[in-house]
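Residue numbers (numbering that gives the first Met the number 0), protein chains in the order written: chain A, 0 to 405; chain B, 0 to 136; chain C, 0 to 526.
Here a beta-carbon is modelled for each residue, glycine too, at the ideal position from N, C-alpha and C.
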Amino acid sequence: MFEYKYLKKFIEAGPSGDFASLRKALEYGRDNCLNELEKSGLVGRGGAGFSTAAKWKFAWNSPNVVLICNGDEGEPGSFKDRYLLENGSFLLLEGLLISAFMLNSSEVYLYVRDEYKEALESFRKCLDDNMDLIVWYCEQIDPEFELKVISGGGAYVCGDETSLINSLEGKRPHSRIKPPFPAEKGLSGLPTIVNNVETLSNLPLIIRDGGAKFSSLGVEGSRGSKLICLSGKVDKPGLYEIEMGKVTLEEIVFGFGGGCSGKNLKFVIPGGTSTGALSLQELQVAVDYDSLRAAGTSLGTGAVIVADESVDALDVACNAADFFMSETCGICFPCKEGNRQIDYLLKLTRQGKGEERYLELIQDVAVTASCSARCGLGQSCGNLVSSLIEKFRSDFLKHVGEARHD
Amino acid sequence: MELLLEKLHEAQEKIGYLPESEIIRIADEQGLSQAELFGIITFYSRFYLQPVKKFIIRVCKSVSCGINNATDIRQKLEDYLEIRDGYSKDGLFAFETVECLGHCADGPVMTVNDKVYDKLTAEKAIEIISAYQHRSK
Amino acid sequence: MIKLKINDQSVEVAEGTSVFKAAESIGCKIPALCYHRDLSVYGGCRLCIVEIKGRSGFPISCATPVEQGMEVLTHTPEICETRKNIFDLILAYYPFECRLKCYSCASSNICELRELAEEMGIKKLKFEPVPRVGKIDDSSLAVKFDSSRCINCGRCVRVCREVQHVGILSPGRRGPATQVTTFMDKGMGNVDCTGCGQCLMVCPVGAIQEVSNIDKVCAAIADPQKHVVVQVAPSVRFTIGEEFGSRPGENLEKQMVTALRQMGFNQIFDTVFTADLTIMEESAEFIKRFTEKSKLPLISSCCPGWINFAEDHLPELKDNLSTCKSPQQMFGALLKSYYAEKNELDPKDIVSVSVMPCTAKKIECMRPEMMQNDTYDVDYVLTTRELAEMIQSRALNLPDLSKSEYDAPFGITTGAGVLFGVSGGVMEAALRTAYELITGEELPQIDFDDVRGLAGIKSAEIDIKGTKIKVAVANGLENAWQLLKHAADYHFIEIMACVGGCIGGGGQPVSRDYDILKKTQGRDLRG
Chain A
0 MFEYKYLKKF IEAGPSGDFA SLRKALEYGR DNCLNELEKS GLVGRGGAGF STAAKWKFAW
60 NSPNVVLICN GDEGEPGSFK DRYLLENGSF LLLEGLLISA FMLNSSEVYL YVRDEYKEAL
120 ESFRKCLDDN MDLIVWYCEQ IDPEFELKVI SGGGAYVCGD ETSLINSLEG KRPHSRIKPP
180 FPAEKGLSGL PTIVNNVETL SNLPLIIRDG GAKFSSLGVE GSRGSKLICL SGKVDKPGLY
240 EIEMGKVTLE EIVFGFGGGC SGKNLKFVIP GGTSTGALSL QELQVAVDYD SLRAAGTSLG
300 TGAVIVADES VDALDVACNA ADFFMSETCG ICFPCKEGNR QIDYLLKLTR QGKGEERYLE
360 LIQDVAVTAS CSARCGLGQS CGNLVSSLIE KFRSDFLKHV GEARHD
Chain B
0 MELLLEKLHE AQEKIGYLPE SEIIRIADEQ GLSQAELFGI ITFYSRFYLQ PVKKFIIRVC
60 KSVSCGINNA TDIRQKLEDY LEIRDGYSKD GLFAFETVEC LGHCADGPVM TVNDKVYDKL
120 TAEKAIEIIS AYQHRSK
Chain C
0 MIKLKINDQS VEVAEGTSVF KAAESIGCKI PALCYHRDLS VYGGCRLCIV EIKGRSGFPI
60 SCATPVEQGM EVLTHTPEIC ETRKNIFDLI LAYYPFECRL KCYSCASSNI CELRELAEEM
120 GIKKLKFEPV PRVGKIDDSS LAVKFDSSRC INCGRCVRVC REVQHVGILS PGRRGPATQV
180 TTFMDKGMGN VDCTGCGQCL MVCPVGAIQE VSNIDKVCAA IADPQKHVVV QVAPSVRFTI
240 GEEFGSRPGE NLEKQMVTAL RQMGFNQIFD TVFTADLTIM EESAEFIKRF TEKSKLPLIS
300 SCCPGWINFA EDHLPELKDN LSTCKSPQQM FGALLKSYYA EKNELDPKDI VSVSVMPCTA
360 KKIECMRPEM MQNDTYDVDY VLTTRELAEM IQSRALNLPD LSKSEYDAPF GITTGAGVLF
420 GVSGGVMEAA LRTAYELITG EELPQIDFDD VRGLAGIKSA EIDIKGTKIK VAVANGLENA
480 WQLLKHAADY HFIEIMACVG GCIGGGGQPV SRDYDILKKT QGRDLRG
């Protein structure tokens, strides 16, 4: 199984120092660049999969646009942004400058989770090494330009764009009511574009090769390549790059991953803990946004977690519930109280004090949260647990009416 | 113009934690009520209101590490250090169970003062920690 | 104007109106818990969700502005089911004794959870109750916060920040530990809390209560050694009836005296008497300062919520504050000296009780300077609510009682002191007296309408026989803050910490009617 290296190839080649894509973008001009971006079909790599060009168009030609690059990678299973920061800072830097130029943005932030010390160091060093470039950009293009690298305070929810904005504004980083959306009113009330590290790292490639070339990769709605983070019970966990839609989940797990070291595979979580699990029979699905949505789950951040027959679905469900409960921002009731209830019911089940009806209650909470919670965290917190109960009910039932001693 | 996050990190880096007096000072500077700033700081996991121990061990418990035996490693490490109320018996370590640290393919993983140690087994983890103990004597 | 349809009914409202309010205007009440008309939109409870044609998901109606031609459904089966689930989840983390067993709960008559359960037809709860360990913050002399009953709706946080400019409350931590708290969890009594009790008034579930003195007062009454004297503040007589189903603003003064007598108080006096004294003293003080052009503006000091605020945040105005004691404290001082002497009583055997529309008065009476000879001038403050509770626990229906008069000699009053109950009242009373003192003439006209009313800040220029006096009135501490930025423009300023003045005090009956202050004030507070 060979890896489609596009982004990775660029990174492994190392910095050339000439920032050719940036220079090309400046020559093209903003509108031509937007054209290329639209042609490319690039969608956000942070989980939502929303068209980047469409998002930018909400703020196109607005004065005082703020650009925020979201490096608060906290989704369990995901480590692609860390890879990009540690090894491809030069690529991201170029992507940030191209984006800042296109959006006419003078106020640019890179928000990285505080735990990523090496990544932060790497980017800061890259910034230092390329100070001439920044100076040149300020002199030639935008004297007001400022790029700030900010460390987060340690909270998963800051990966949600409105929570991130609150965090930058020095507020309690709970989510905001939408609308208004950040592109209309974000940081300090200004039009704000929030994009993931991987998304912006693709900008130099799109400018260099043109939108059409980028769009020739992948499938409709999922153009280009995607970094896949493979972990869990696989032989060869790691970071792999695929052409979206041209590879199945099965191929990722058994091709790249080498399978489960002789054991039988039980389930795969395709996009991190916010996405529903797929059983062995369901792995023929193509890895792209639309196909996985049609399969009742989601590509999310591309964090593929593999569980073999030794893994208890109840353990994983408890793990996920505990995660969401500790990370909920606490402002909306469906998420705060919903996660509390799910966590409690699963803990009771694990202790052998559960009842079968708890499984229906958990499903109820998951549906309630998905349709009434305020942000992405709340809306997707029940996906994994729900899918595990649906597909591995016996793992839960075997603890009902039996005291289990941990 | 410095952002609040930057001020908080700066203060914590300098002092080791965020004492009450510092929170009052920053609240005043930012035009926030003391209660509001307290509410912001306590939201985050990486800011401390009490003096911290010499070493902070953070062991990841999220799904990938969890699937790969992190619970067992954590338990053995806690037993080895005789952890009580989050601190080791010898007073050198604070022990935290944290969510995904972003090293899922190399798990189970822990950090000691943010230095990453991956591909852990219980034995390896204990070995690493005892090295810290030795160096501190 | 925007035309839309709600549940197939045509509605026309002004642009910018929320779907929630538009529904309200046609009598359609959408369930809500974190929403409060006078506070910023929070969007946290998610109970007010609706379905809007052409929009996916369930937007929250409190934060969605109406649009031309919008079609809204407020009670589809799916929405009702979702609302029930959210409500049930809140109750799952509520104290075990609750679970909607309302008959045994002291807060049941004001509890919005009970109200919502009724509105949504919820009789049974399906989710598992989650064990909860709460904490009672009883560090304050005025109010008590039971966090095990707190649903973290954020209303107390918002009223303290937005309406009172104080901000001692904030949500803290995250995840399961998310809880409204004070700076460093010190407790309300250990931070800059003014004791105004507005947090109590907006709490939908009664997680915040006053510090109760009912038991202590009952014990004093039952003690044959003690001579228990009670004074009743001006606005209490106009609001206590609300606890008995009377119309807002109904004056039940005489029935209240009967009840107090029946309960065994030895003497029952009217605080209006010392309110009158305060006016005389403060008018004299004003004339002196105005004549000498010193320490102006004179700022009223009878409101302890305001005084606490001033001491914490505006120390530079210290010398501007009136040196007069508040009517409550003046009365207490009189009781423990003049009254004791005249009646040959040992001041230590006098238990001085006051009934106040206020929670901050509970802090005021315990100030060290409010003591003489090792006894407090006022021993216990009861709020309007506490008195109502005491009356109810004697199975007395206040409106039905016979009428009695206050005891003499302090029972003789003029009308002026009664106005202390409303914002602008102190000012008006003082101005009347000042007019007489300056001009030597009787007032040609009783009403200075420029300073009466419920608007947050009011100012006026009064011409007293060629002498121009600039006065201003503010109620609500955010309004006070704004007004005092221009303090130097005025000669005389009245500040009341609570919106509306004492009729909106933190000790008054809790009402879910947003217009209760308007309704109360409309009635005869003027006597």
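Within 8 Å (strictly less), CB to CB, does residue i reach chain C?
{"i": "Gln33(B)", "result": "yes"}
{"i": "Phe94(B)", "result": "no"}
{"i": "Leu360(A)", "result": "yes"}
{"i": "Gly85(B)", "result": "no"}
{"i": "Ala24(A)", "result": "no"}
Starting from the beta carbon of residue i, find every residue of chain A whose beta carbon is closer than 7 Å, and list them in chain order.
{"i": "Glu77(B)", "result": "None at all; the shortest Cβ gap to chain A is about 14 Å."}
{"i": "Ile85(C)", "result": "Phe332, Pro333, Thr367 and Ser371"}
State yes or no: is the beta carbon of residue i nearer than 8 Å to at least one beta carbon in chain A?
{"i": "Lys123(C)", "result": "no"}
{"i": "Ala10(B)", "result": "no"}
{"i": "Gly53(C)", "result": "no"}
{"i": "Ser20(B)", "result": "no"}
{"i": "Gly15(B)", "result": "no"}
{"i": "Val111(B)", "result": "no"}
Mind listing the chain C neighbours of residue i? Cutoff is C-beta to C-beta under 8 Å, in chain order.
{"i": "Phe42(B)", "result": "Gly171, Arg172 and Arg173"}
Going by the beta-carbon positions, is the gap between residue i and residue j smaller than 8 Å?
{"i": "Thr73(C)", "j": "Ile5(C)", "result": "yes"}
{"i": "Gln224(C)", "j": "Asp348(C)", "result": "yes"}
{"i": "Lys464(C)", "j": "Thr438(C)", "result": "yes"}
{"i": "Glu493(C)", "j": "Val425(C)", "result": "yes"}
{"i": "Gly38(B)", "j": "Ser39(C)", "result": "no"}
{"i": "Gly223(A)", "j": "Ser39(A)", "result": "yes"}
{"i": "Lys225(A)", "j": "Ile241(A)", "result": "yes"}
{"i": "Lys232(A)", "j": "Ala306(A)", "result": "yes"}
Pull up the distance between the alpha-carbon of residue i and that of residue j, whole angstroms please.
{"i": "Val108(B)", "j": "Thr70(B)", "result": "11 Å"}
{"i": "Ile48(C)", "j": "Cys370(A)", "result": "10 Å"}
{"i": "Lys28(C)", "j": "Arg82(C)", "result": "14 Å"}
{"i": "Ser24(C)", "j": "Gln67(C)", "result": "17 Å"}
{"i": "Val216(C)", "j": "Pro203(C)", "result": "28 Å"}
{"i": "Ile445(C)", "j": "Asp275(C)", "result": "Unreliable placement is indicated for Ile445(C), whose pLDDT of 44 sits below 50; the coordinate value is still reported in the next sentence. Using only the alpha carbons, I get a separation of about 16 Å."}
{"i": "Gly205(C)", "j": "Glu242(C)", "result": "16 Å"}
{"i": "Gly256(A)", "j": "Ala302(A)", "result": "13 Å"}
{"i": "Asp30(A)", "j": "Ile133(A)", "result": "22 Å"}
{"i": "Gln362(A)", "j": "Leu248(A)", "result": "26 Å"}
{"i": "Val267(A)", "j": "Val62(B)", "result": "12 Å"}
{"i": "Asn84(C)", "j": "Gln481(C)", "result": "43 Å"}
{"i": "Ser87(B)", "j": "Arg134(B)", "result": "16 Å"}
Taking its Cβ as the centre, do 16 or more other Cβ atoms sit within 10 Å of residue i, making it buried, or is it exposed?
{"i": "Asp127(A)", "result": "exposed"}
{"i": "Leu21(A)", "result": "buried"}
{"i": "Trp305(C)", "result": "buried"}
{"i": "Phe49(A)", "result": "exposed"}
Could you check whether the Cβ of residue i sits closer than 8 Å to any Cβ belonging to chain B?
{"i": "Leu199(C)", "result": "no"}
{"i": "Val134(A)", "result": "no"}
{"i": "Ser146(C)", "result": "no"}
{"i": "Val42(A)", "result": "no"}
{"i": "Phe408(A)", "result": "Only positions 0 to 405 of chain A appear in the structure, and residue 408(A) is not among them; the question remains open."}
{"i": "Leu279(A)", "result": "no"}
{"i": "Lys124(A)", "result": "no"}
{"i": "Ser166(A)", "result": "yes"}
{"i": "Phe182(C)", "result": "yes"}
Residue i touches chain B at which residues, Cβ-Cβ below 8 Å?
{"i": "Leu168(C)", "result": "Ala34"}
{"i": "Tyr115(A)", "result": "Gly101"}
Using a C-beta to C-beta distance shorter than 9 Å, which residues of chain C count as neighbours of residue i?
{"i": "Gly90(B)", "result": "Within chain C, no residue comes near Gly90(B); the closest Cβ sits about 24 Å away, beyond 9 Å."}
{"i": "Thr327(A)", "result": "Arg173, Gly174, Pro175 and Thr177"}
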